[in-house]
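Just so it is clear: in the sequence shown, position 121 is 231 by this note's numbering, and no numbers are missing.
The beta carbon of each residue, even a glycine, is placed where N, CA and C say it ideally should be.
What you are looking at is a predicted structure, and each value in this text was computed from that prediction instead of being measured.
Everything below concerns the one structure shown next.
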Amino acid sequence: MTAVARSHLLWLVLLLGVSPQATAARVAAMGADHGLLFEVRSDSSDTPSYLFGTIHSEDPRVTELPPQVEGAFDACPGFALEVVPDASAIIKAMMTMTYTDGRQLRDVLSLDLYAEVKKALAELGMGEEAFKDFKPWAVMTQLSTPPGKTGNFLDMRLYRGAVAEHKRIAGLETMEEQLAIFDRLEEADQIALLEETLEARGELPKMFEQLTLAYLQRDLARLQWLSDAYLEESEPRLAELFRTRVVDARNLRMASRMASLLDEGGWFIAIGALHLTGDTGVVGLLRDMGYSVDRLY
């Protein structure tokens, strides 16, 4: 395992909802080792809702929804996702990603590292004016995000479809909550992760393809195994921080905020696929809360 295991930890967590502590056995024990679409029923409503696991990808193999998923989406008058990607959220994200204290990126990086960042972002079509105020973690996410060509990532495809169909739309988190884990990192940790990301950029396409293939097979246990393999050399302190703040805390928050929607019924809820799995995953949490959760696809 190379430095990518450590540098990609942050983005992998948000990409799929990775839990560094989970194992395939624990995933299977919760009955969520396979499948992406679950029907959720509440005693408070005769109308079911649906929970769908996503991956942040614009690969046509991913964005072309199976009939079962398309049918569940069409049947629901409400659509919920982790964060509503509206103009307000985008503005808040940009404010969080950039320095507001007068500093710029070149002020916190060495000359050599800044030059390397400038070259890498230029290869992505980003000029210095666009990133000069970014914090190191923001640059890291730019470099480790799957490269976009169409912008039609799965979560955006669903969101745009919901808007076009005039569905009610709800977010389970705020942009500030989701980005807090990045922004609260010590600056030295941000810089270290940025350095490792630059070093390991060449390995990311292979990683994305492996994750995509497991996702297309609806193999949550395989996705979990891959995430564990990528994270096995992660710095223990950061791995524990992400497990408690990014995985466990977010799962509890999202499951809690789903409750009113599920009790109402008629909601299609889309979250990162590996938020579904494990003994602290959303499927298990919802069952513990008294909801009936059955795999459909």
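Alpha carbon to alpha carbon, how far is residue j from residue i? Give it in angstroms, no decimals.
i    : j    : result
I381 : L268 : 11 Å
S159 : Q288 : 24 Å
P246 : V193 : 23 Å
D265 : V218 : 33 Å
D329 : M317 : 16 Å
T206 : F292 : 9 Å
E297 : T157 : 48 Å
A203 : L371 : 26 Å
L215 : S254 : 18 Å
M250 : G235 : 15 Å
D143 : R213 : 46 Å
T390 : D358 : 6 Å
T307 : E233 : 15 Å
I301 : K242 : 15 Å
Spatial neighbours of residue i within its chain, please: C-beta separation below 7 Å, excluding the five flanking residues on both sides.
i    : result
S154 : D373
P187 : K277, R278, G376
S152 : L372, D373, G375, Y401
My output table needs one value for residue i: the three-state DSSP class, helix, strand or coil.
i    : result
I201 : helix
G388 : coil
L362 : helix
E275 : coil
S159 : strand
S152 : coil
L406 : coil
G400 : coil
G382 : strand
L147 : strand
Give me, in chain order, the residues of the same chain whose beta-carbon lies closer than 8 Å to that of residue i; leave out the 5 immediate sequence neighbours on both sides.
i    : result
Y407 : G145, L146, L147, P176, Q178, V179, R328
I410 : Because the chain is modelled from 111 through 407, residue 410 falls outside the range shown and cannot be assessed.
Apart from the five residues just before and just after residue i, which ones in its own chain have a Cβ nearer than 6 Å to its Cβ?
i    : result
S248 : It is Ala, not Ser, that sits at residue 248 in the sequence shown. The residues are M207.
D398 : none
Using 8 Å as the threshold, is the region 167-180 in touch with the region 386-397, meaning 3 or more CB pairs across them?
no
Is it true that the region 272-285 meets the region 223-231, where meeting means three or more beta-carbon pairs spaced less than 8 Å apart?
no
Mind listing, in chain order, the continuous alpha helix (DSSP H) runs of no fewer than 4 residues lying wholly within the region 230-263?
Runs found: 238-241, 246-254.
Length-filtered (3 minimum) beta strand (DSSP E) runs lying within the region 282-329
Those beta strand (DSSP E) runs which fall completely within the region 282-329 and span 3+ residues do not exist here.
Contained alpha helix (DSSP H) runs [length at least 4] in the region 166-210, N- to C-terminal order:
170-173, 177-185, 197-207
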